[in-house]
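Novice: Could you have a look at this structure, given as structure tokens, before my questions?
Residue numbers (the working numbering): 879 to 1563.
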């Protein structure tokens, strides 16, 4: 706990640091046991007596004391000779097996004895011609752990350091066993000294405390080795993992610190400091959602202030209302993600970012960064985007952002395409009174032409109201009502849609439905759509794959305007790029009917990234099949097209310019096309 708290205090006082390259912890190898040998300090000249008393107590003689060996001390040598110590142990009825360099004493032999639960008394040189007894209780690949009667229990030294001191003393060791040659209680019951022993009574508790004390003196390398040993011998001891995590934290190895602290917290779920260390490490390792998940385990953090940056025209309360993060509310990963999505749908915003900053006392400050759209389009990129859209789709759209400082977006659109003119007006306003999310009021007039035996023109007028919001971090809903008029038929409509996001926003599943009820004469009709989309990467600056598929249906009496189709993306969104849906503005394509199934798979490879956009080379395959087609001839209704193209992804939420060439696999038909591709997942209302 000491190192854990120290680590958190260091983080609280320090400025943010860049995370270094992560180096995974290596589990030590060597003996599989750490022996729980009782520790006894020595009195003057009695290191041999203390060492032997420790071993005898380990084997069950709880009455023996270091002073019981006082008569063996040679005052001229300031200690006990090895021969005298061995003889006295035998006299007491124990078996004693001395070894030295001449009889094959080795580190491997000591390790084998430790694995069998047998502590070893060893003689080492501590200064020229001065020798000292210690008790070896653990042996790692590169570390020896011993009780030092003159110092403290569970002292670490490198194997090289031990070997030098041990070799200078002739490699003398002593193995002591019970006199009847039967396995003792300690040897017969490994769990008495093995890793499963609780830290309150097992050997790892004192070892961990010694390593914490060592770290406090600045000896991080030694403390790290000892704590690694503790995690090896006592993997279910949370203190070992927690204190090692504290060292990793002080070393700025955030990822390892988080993993180790999380392991400790899982072993001891009620440890508040442990979860705090997990959360802080995750946050510094640039894992804000994972950090929140850890803080939530201890009912933290609570929202304090919301700071809004970047807005000049949109009023701050509008942005705050979109987030829906009340003061003192618990900030969870799901609430943060939902607030991020709600901020992203602010109509006046071109780009947004939401993040939090931990404060003292379990609080966080929310920072909402908004890049506003210009009041009217200006600058090179917006003007080029608007001009490209006008040339490719013969449509001009002008957006006015936040003219009343309410975060709204006023859009006016005009399409002058022959046989399919359109005029549209919409106003999207966030946080309207008691309505959630974004409310959109829209009106439009358009005329479309269809290649029936004679050219048929459908003229439609529409006025409607839509409300859209994120119900959670993964589910978006939209509902609306409208009044539609086709020729002499008037209808009231009710529409709804849901969009479920999965796999870190790489999967989208959508369901849309609408029903039209006649006002006066006319027929009732309805539409429905099921769609899905997947992408391998969210960012545009990395190679990625994407897949989209869907099925759309319209009932028998639905007008042509509501029928689905697939083409080059002008009249309907689904793609079949070797088979344009329009001929001189008239809908005449083969993939047009009351029902449509379609799918597209596309590979995108970015060329470079710039402030103006990200050009991408693409390879794609489109497929579509229509039922109850407008042109129901004898030819197969199934189409598959292959092609290649170029995308230019516009920064922000503007979508992408698309230039493609495709060839039909069934009829070898080729077509060039250009269009404006909506942002992923590419659905249109």
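By construction, the Cβ of each residue, glycine as well, lies at the ideal position given by its N, Cα and C atoms.
Nothing here was measured: the structure is a model prediction, and the numbers come from that model.
If you follow the beta strand (DSSP E) that residue 1428 is in, where does it begin and where does it stop?
Specialist: 1422-1432 is the span of the beta strand (DSSP E), which, as asked, contains residue 1428.
Novice: Are the beta-carbon atoms belonging to residue 1420 and residue 1484 less than 8 Å from one another?
Specialist: Contact: yes.
Novice: Between the C-alpha atoms of residue 1264 and residue 1406, what's the straight-line distance to the nearest angstrom?
Specialist: The straight-line gap from Cα to Cα measures roughly 32 Å.
Novice: Can you have a look at residue 1370 and say buried or exposed, based on whether 16 or more other CB atoms are within 10 angstroms of its CB?
Specialist: Its Cβ having fewer than 16 others within 10 Å, residue 1370 is exposed.
Novice: In chain order, what residues of the same chain lie with their CB nearer than 6 Å to the CB of residue 1042, ignoring the 5 residues before and after it?
Specialist: So the list is empty, once near-sequence residues are dropped.
Novice: Could you check whether the Cβ of residue 1141 sits closer than 7 Å to any heavy atom belonging to the ligand SAH?
Specialist: Among the components of this structure there are no ligands whatsoever, and the ligand SAH is therefore not found.
Novice: Could you give the residue range of the alpha helix (DSSP H) that holds residue 1475?
Specialist: Note, residue 1475: premise wrong, no alpha helix (DSSP H); beta strand (DSSP E) at 1471-1484.
Novice: Hey, how far is the Cα of residue 1559 from the Cα of residue 1417?
Specialist: Computed Cα separation, rounded: 13 Å.
Novice: Which residues in the same chain as residue 1387 place their Cβ atom closer than 6 Å to its Cβ, once the five residues preceding and following it in sequence are excluded?
Specialist: Taken in chain order, the residues that qualify are 1378 and 1410.
Novice: Mind checking whether residue 1204 and residue 1186 have CB atoms under 8 Å apart?
Specialist: Contact flag unset, no.
Novice: Once you ignore the five residues that flank residue 929 on each side, which residues in its own chain have a CB closer than 7 Å to its CB?
Specialist: Cβ neighbours of residue 929 beyond the five flanking positions: 999, 1011, 1012, 1013 and 1027.
Novice: Between residue 1463 and residue 1340, is the Cβ-Cβ spacing less than 8 Å?
Specialist: No, they are not a contact pair.
Novice: Can you tell me the Cα-Cα spacing of residue 1360 and residue 1138, whole angstroms?
Specialist: Roughly 57 Å separates the two Cα atoms.
Novice: Using three-state DSSP, classify residue 1295 as helix, strand or coil.
Specialist: Here residue 1295 sits in coil by DSSP.
Novice: Could you name the residues of the same chain whose beta carbon sits closer than 6 Å to that of residue 1319, not counting the 5 residues immediately before and after it, in chain order?
Specialist: Excluding positions up to five away in sequence, the list reads 1305 and 1343.
Novice: Can you name the start and end residues of the beta strand (DSSP E) that residue 1335 belongs to?
Specialist: Taken as a continuous stretch (DSSP letters only), the beta strand (DSSP E) holding residue 1335 covers 1333-1348.
Novice: Going by beta carbon distance, what residues of the same chain come within less than 8 Å of residue 1334, once the five residues before and after it are set aside?
Specialist: Correct list, in chain order: 1327, 1328 and 1438.
Novice: Can you tell which of 1115, 1132, 1163 and 1129 has its C-alpha closest to the C-alpha of residue 1146?
Specialist: The option with the nearest alpha carbon to residue 1146 is 1115.
Novice: Excluding the five sequence neighbours on either side, which residues of its own chain have a C-beta within less than 7 Å of the C-beta of residue 1200, listed in chain order?
Specialist: Hits under 7 Å: 1220, 1221, 1224, 1308 and 1309.
Novice: Could you check whether the segment 1513-1520 touches the segment 1538-1546, counting it as contact only if at least three pairs of C-beta atoms, one from each stretch, sit closer than 8 Å?
Specialist: They touch, by the three-pair rule.
Novice: CA-CA distance, residue 1176 and residue 941?
Specialist: Each residue's alpha carbon lies about 47 Å from the other.
Novice: How do the segment 1496-1515 and the segment 1444-1453 stand: do at least 3 beta-carbon pairs fall below 8 Å, yes or no?
Specialist: Touching, per the Cβ criterion.
Novice: Please say whether residue 1246 and residue 1184 have beta carbons closer to each other than 8 Å?
Specialist: Yes. Within cutoff.
Novice: Around the Cβ of residue 1435, are there at least 16 other Cβ atoms within 10 angstroms (buried) or fewer (exposed)?
Specialist: Flag for residue 1435 reads exposed.
Novice: Residues in its own chain within less than 7 Å of residue 1514 by CB, not counting five upstream and five downstream?
Specialist: Excluding sequence neighbours, residue 1514 sits near 1544.
Novice: Apart from the five residues just before and just after residue 1075, which ones in its own chain have a Cβ nearer than 6 Å to its Cβ?
Specialist: Caution is warranted here: a pLDDT of 36 is assigned to residue 1075, below 50, making its placement in the model unreliable, and the coordinate value is therefore given only provisionally. Cβ within range, chain order: n/a, list empty.
Novice: Between the alpha carbons of residue 1068 and residue 995, how many angstroms are there, rounded?
Specialist: Caution is warranted here: a pLDDT of 36 is assigned to residue 1068, below 50, making its placement in the model unreliable, and the coordinate value is therefore given only provisionally. Straight-line Cα distance between these residues: approximately 7 Å.
Novice: Per DSSP, which one or two residues make a beta bridge with residue 858?
Specialist: Any answer about residue 858 is impossible in this case: the structure gives the chain only from 879 up to 1563.
Novice: Three-state secondary structure (DSSP) at residue 936?
Specialist: In the structure shown, residue 936 sits in a helix (DSSP, three-state: H, G or I).
Novice: Can you find the residues in the same chain that come closer than 8 Å, C-beta to C-beta, to residue 933, ignoring five residues on each side of it along the sequence?
Specialist: If we look at residue 933 and ignore the five residues flanking it on each side, its Cβ neighbours are 915, 997, 999, 1013 and 1054.
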